[in-house]
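Letter by letter, the sequence shown follows residues 0 to 371 in numbering that gives the first Met the number 0.
From the three backbone atoms N, C-alpha and C, an ideal C-beta is built for every residue, glycine too.
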Amino acid sequence: MIPLDIEVEILNRLPVKSLMRSLCVSKMWSSIIRTQGFIDSYYAMSSATRPRFIVALSSSSYVKDHAKRLFIFSGEECSSSSSYVSANLDMTIPSLRLAHGYTCPSVHGFVSCCHGLQFTICNPSTRQVVTLPACNGYDITSLGYDPVDHQFKALIPVACEYGYDGFIIIRLGGGGGGGAQSRSAVTSPPYRPLSKGLCIDGFLYYGAVTQSETPVIMCFDVRNENISFITTPKDVLHLDRNSVLIEYKGKLAAIVGHCLPFNFRGFDLWILEDVKKHEWSKQTFELPYCLLDMTSPGTNKAGEIIFAPLKLSLDNLRPFFYIVVYNVARKDVRRVRIQGFADDEGFRRHYGLVGFCNVSVSPQHVQSIASL
Numbered sequence: 000m001i002p003l004d005i006e007v008e009i010l011n012r013l014p015v016k017s018l019m020r021s022l023c024v025s026k027m028w029s030s031i032i033r034t035q036g037f038i039d040s041y042y043a044m045s046s047a048t049r050p051r052f053i054v055a056l057s058s059s060s061y062v063k064d065h066a067k068r069l070f071i072f073s074g075e076e077c078s079s080s081s082s083y084v085s086a087n088l089d090m091t092i093p094s095l096r097l098a099h100g101y102t103c104p105s106v107h108g109f110v111s112c113c114h115g116l117q118f119t120i121c122n123p124s125t126r127q128v129v130t131l132p133a134c135n136g137y138d139i140t141s142l143g144y145d146p147v148d149h150q151f152k153a154l155i156p157v158a159c160e161y162g163y164d165g166f167i168i169i170r171l172g173g174g175g176g177g178g179a180q181s182r183s184a185v186t187s188p189p190y191r192p193l194s195k196g197l198c199i200d201g202f203l204y205y206g207a208v209t210q211s212e213t214p215v216i217m218c219f220d221v222r223n224e225n226i227s228f229i230t231t232p233k234d235v236l237h238l239d240r241n242s243v244l245i246e247y248k249g250k251l252a253a254i255v256g257h258c259l260p261f262n263f264r265g266f267d268l269w270i271l272e273d274v275k276k277h278e279w280s281k282q283t284f285e286l287p288y289c290l291l292d293m294t295s296p297g298t299n300k301a302g303e304i305i306f307a308p309l310k311l312s313l314d315n316l317r318p319f320f321y322i323v324v325y326n327v328a329r330k331d332v333r334r335v336r337i338q339g340f341a342d343d344e345g346f347r348r349h350y351g352l353v354g355f356c357n358v359s360v361s362p363q364h365v366q367s368i369a370s371l
């Protein structure tokens, strides 16, 4: 008989699809796989050995409601010498559309998308989909994760005369399922958001401006459910420029383009070096060519900054999809082609995709077997 620790080690090394099939093979395996300890160990193993990326896309806004679909692709991160990488279709979510310029961020193995009155969370590995109640039509609803208590929380902004003055918090399952468990509210001084939420190590960050027109970073502690403001230099956050928040080597950072929104040839990298002292550092970089209609979703596991298109034209004779990878240390750029959807004529024909698609790339996605 195989010792239990050996069985756990074997299960930890299985791909997600094989692991999901194992749930039906043995009651003992099923009980092991569904424990929080195994869920955490599998996530840690995936994070260390299986770095991946997510590509979410949907047809543009003129598509009729019954034809709306959000496609979720994933693939393994490419090596520093690769010029292409493949992505596979993980799942499709009907009646959901990705708006231009919006994102589907990856948070601890789950991907979220907010459009209109619908806030949808899915696990591309298990194909679980959870749709929360109407989110007031605000597209800054965000998903956070508390790594201490293993709990996911959705934050829905509360409107006021100036903009917003707090959040409704919906507590979700802690990885073992159970769906929405409870809700509460937290208040803050009035603010107007300048960016979407970004979750880093148990904290959700938003770019915002206060009622006195002071730019700040709003910091929401997911575990303790309190809000604080971080002072920022005036050049970090902009309404009319390409300013996006990213995670850079475990720290909050901002990419600020030098030109028009989503069209730039140089950028500043602002890094929050000390959260308590509100101290920032700044580095400036120039690119060898202009990036058109692109944004930065973050970095790969090697710490290289990724720039990705916001849309994809399917009317071109060769509808390829490229991302741009910038190595900060070497100050060099390379283009990486993502294969599997733009260049897949069978996929495009099957779903009737023509014209433009809105696209969101999320790097450093980690496969998870957790459920909400």
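Where do the N-terminal and C-terminal ends of the beta strand (DSSP E) with residue i fall, by residue?
i, result
"D220", "P214 to D220"
"K250", "K250 to G256"
"F37", "Segment Q35 to T48 is the alpha helix (DSSP H) holding F37; no beta strand (DSSP E) there."
"Y288", "E278 to L291"
"K310", "K310 to S312"
"V244", "Residue 244 is actually Leu in this sequence, not Val. Looking at the DSSP string, the run of the beta strand (DSSP E) that includes L244 is S242 to Y247."
"Q210", "Counting along the chain, Q210 falls outside any beta strand (DSSP E), and DSSP gives it neither H nor E."
"D164", "Y163 to R170"
"R126", "From DSSP, R126 is part of no beta strand (DSSP E); its letter is neither H nor E."
Assuming contact is defined by CB atoms lying nearer than 7 Å, are residue i and residue j in contact in what I supplied?
i, j, result
"K372", "V221", "Given that the chain is displayed from residue 0 to residue 371, the structure contains no residue 372 and the question cannot be resolved."
"F219", "I229", "no"
"R380", "S73", "In the structure as shown, the chain starts at 0 and stops at 371, and residue 380 therefore has no counterpart that could be examined."
"G165", "T186", "yes"
"L154", "V106", "no"
"C356", "L291", "no"
"T91", "R68", "yes"
"S183", "I168", "yes"
"V147", "Q366", "no"
"N299", "E76", "yes"
"A232", "I305", "First, the amino acid is wrong: residue 232 is Pro here, not Ala. Cβ atoms of P232 and I305: not closer than 7 Å."
"V327", "R334", "no"
"I38", "I337", "no"
"Q210", "P189", "yes"
Along the chain, where does the alpha helix (DSSP H) that runs through residue i open and close?
i, result
"N382", "The displayed coordinates of the chain run from 0 to 371. Any statement about residue 382 would go beyond what the structure contains."
"F151", "No alpha helix (DSSP H) contains F151, which is instead part of the beta strand (DSSP E) from Q150 to A158."
"Y350", "E344 to Y350"
"S17", "V15 to S21"
"I368", "Careful: I368 lies outside any alpha helix (DSSP H) and carries neither H nor E."
"S29", "K26 to I32"
For residue i, count neighbouring C-beta atoms within 10 Å of its own C-beta (all shown protein chains included) and say buried if the count is 16 or more, exposed if not.
i, result
"G302", "exposed"
"D273", "exposed"
"S370", "buried"
"P287", "exposed"
"G108", "buried"
"H9", "Per the sequence shown, the amino acid found at residue 9 is Ile instead of His. I9 should be labelled exposed."
"A253", "buried"
"G36", "exposed"
"N122", "buried"
"Y144", "buried"
"T213", "exposed"
"H364", "buried"
"G256", "buried"
What is the rounded straight-line gap between the Cα of residue i and the Cα of residue j?
i, j, result
"I245", "I1", "45 Å"
"W269", "L131", "34 Å"
"F70", "N87", "10 Å"
"R111", "S242", "One point to set straight first is that residue 111 is Ser, not Arg, in the sequence displayed. The alpha-carbon atoms of S111 and S242 are separated by roughly 21 Å."
"G196", "L309", "18 Å"
"T34", "S194", "36 Å"
"K281", "M19", "45 Å"
"P318", "P104", "24 Å"
"T283", "P296", "18 Å"
"I31", "V84", "34 Å"
"L171", "D331", "42 Å"
"V215", "D267", "18 Å"
"M217", "S359", "23 Å"
"C23", "T294", "43 Å"
"N11", "S25", "15 Å"
"C258", "S29", "54 Å"
"T119", "K248", "28 Å"
"H114", "D4", "44 Å"
"E285", "G162", "36 Å"
"F320", "M44", "30 Å"
"E278", "S80", "35 Å"
"Q117", "A307", "25 Å"
"S78", "E6", "31 Å"
"L251", "S124", "27 Å"
Cβ of residue i within 6 Å of any heavy atom in the ligand SAH?
i, result
"V235", "This structure simply doesn't include the ligand SAH, nor any ligand for that matter."
- Task: May I ask you to verify whether the region 231 to 250 touches the region 206 to 215, counting CB pairs closer than 8 Å and requiring at least 3?
- Result: yes
Exercise. Per the contact definition of three or more C-beta pairs closer than 8 Å, is the region 341 to 359 in contact with the region 47 to 56?
Worked result: Output reads yes: the region 341 to 359 touches the region 47 to 56.
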